[in-house]
Amino acid sequence: LPLTEIAQLFNAPHLEPLSRSPPEVLGVSVVDYLLSLLHLDKQRQRARKLSILLPPAKTTVALAAQTTRALHRLAEWRIEQQRRELRDTYRYGWKAAGIAVIILATCLALSSLFTSNLTEGIRPLIRKTFEYGFEIVGWGILWHPIDVLVCAPLPIRARIASLKTLAAAPQLEITAVDR
Numbered sequence: 051l052p053l054t055e056i057a058q059l060f061n062a063p064h065l066e067p068l069s070r071s072p073p074e075v076l077g078v079s080v081v082d083y084l085l086s087l088l089h090l091d092k093q094r095q096r097a098r099k100l101s102i103l104l105p106p107a108k109t110t111v112a113l114a115a116q117t118t119r120a121l122h123r124l125a126e127w128r129i130e131q132q133r134r135e136l137r138d139t140y141r142y143g144w145k146a147a148g149i150a151v152i153i154l155a156t157c158l159a160l161s162s163l164f165t166s167n168l169t170e171g172i173r174p175l176i177r178k179t180f181e182y183g184f185e186i187v188g189w190g191i192l193w194h195p196i197d198v199l200v201c202a203p204l205p206i207r208a209r210i211a212s213l214k215t216l217a218a219a220p221q222l223e224i225t226a227v228d229r
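Going by my numbering, the first residue of the sequence shown is number 51, and it counts up by one from there.
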C-alpha cells in the first residue's frame, strides 16, 4: 500500500485524486480503508501481512515495530468499542422485545374480546375488522425487536472480525520506495 507518510495510517490525508494510494484518492485513513477491504471478505481476513510503501526519507529502523504496536492498540480499542455497541444493541433489543410482548398480549386480548359474545351487538364487519386488526398490529409490533436482535448485530460482528484481523496482524512490513 503506497503512502506519502506514515501518519496517513491513522489520520485521513487530504483528498488527492491523482495519487497512487487508494486512501489518498478516497481521503480516508489507511486503517479505515483496510477495514473496508476486510469487511465481509473472509479471504482477506486470513491475510497475515501488511506491506506499506513509504518514501525513503520517511522510514526509520524502528518505524515498523512502533507502527505495528500502534495498529494493534487501535484495533483492540475499536474491538472493545464494537463489543460495547453489540451489548448495547442486545440490551435495547431485549427491552424492546419485553415491551412488544406486553403490547402483543394486550392486542390479542382485545382481539379475543371482539370474538366473544360481549360484542354481539356490534356489526359483524366491524367486529371482524377489530378482531383481525388487533392481531395484525400485535404481531407487527414484534418486527422491530426481532430486527434489532437478529439483523442489527450482523454488521457489528463483521466489523469486529475485520478489527480482529488487524489486531492479529504480525509485524508490518515498511519498504522504502521512490515515487
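Beta carbons: idealized from backbone N, C-alpha and C, even for Gly.
Report the CB separation of Leu222 from Thr110 in whole angstroms; it is logged as a contact under 8 Å. Taking the first residue of the sequence shown as 1, we reach residue 222 at position 172. Taking the first residue of the sequence shown as 1, we reach residue 110 at position 60. Incorrect: roughly 13 Å between the Cβ atoms, too far for contact.
If you measure from the CB of Lys214, is any heavy atom of the ligand HEM nearer than 7 Å? You won't find the ligand HEM in this model; it holds no ligand whatsoever.
I need the DSSP call for Leu65, collapsed to helix, strand or coil. Looking up residue 65 in the sequence shown gives position 15. If DSSP states are grouped into helix, strand and coil, Leu65 belongs with coil.
Neighbourhood of Leu154 by C-beta distance below 8 Å, restricted to the same chain and skipping five residues each side: Residue 154 sits at position 104 when you count from the first residue of the sequence shown. The residues are Gly188, Trp189, Ile191, Leu192.
Mapping DSSP to helix, strand and coil, what is Pro195? Within the sequence shown, numbered from 1, the residue matching residue 195 stands at position 145. In the structure shown, Pro195 sits in a helix (DSSP, three-state: H, G or I).
Give me the residue from Arg98, Thr139, Ile56 with the minimum Cα distance to Leu213. On the sequence shown, position 163 is the one that residue 213 refers to. For the residues Arg98, Thr139, Ile56, the minimum Cα distance to Leu213 belongs to Arg98.
Is DSSP giving Ala226 helix, strand or coil here? Within the sequence shown, numbered from 1, the residue matching residue 226 stands at position 176. If DSSP states are grouped into helix, strand and coil, Ala226 belongs with the strands.
Name the one or two DSSP bridge partners that Leu103 has. Numbered from its first residue, the sequence shown carries residue 103 at position 53. According to DSSP, which records beta bridges pairwise, Leu103 is partnered with Pro52, Thr225.
With a Cβ-Cβ cutoff of 8 Å, do Ile56 and Leu104 count as a contact? Sequence index remark: in the sequence shown, residue 56 carries index 6 (1-based). Sequence index remark: in the sequence shown, residue 104 carries index 54 (1-based). Cβ atoms of Ile56 and Leu104: closer than 8 Å.
Determine the DSSP secondary structure at Thr110, reduced to helix, strand or coil. Taking the sequence shown and counting its residues from 1, the one referred to as residue 110 is at position 60. In the structure shown, Thr110 sits in coil (DSSP, three-state: anything other than H, G, I, E or B).
Taking the alpha-carbon positions, what's the His194 to Asp138 distance? Taking the first residue of the sequence shown as position 1, residue 194 is located at position 144. Taking the first residue of the sequence shown as position 1, residue 138 is located at position 88. Straight-line Cα distance between these residues: approximately 15 Å.
With a 10 Å radius around its C-beta and 16 neighbouring C-beta atoms as the bar for buried, classify Ala150 as buried or exposed. The count along the sequence shown starts at 1 and reaches residue 150 at position 100. Ala150 comes out buried.
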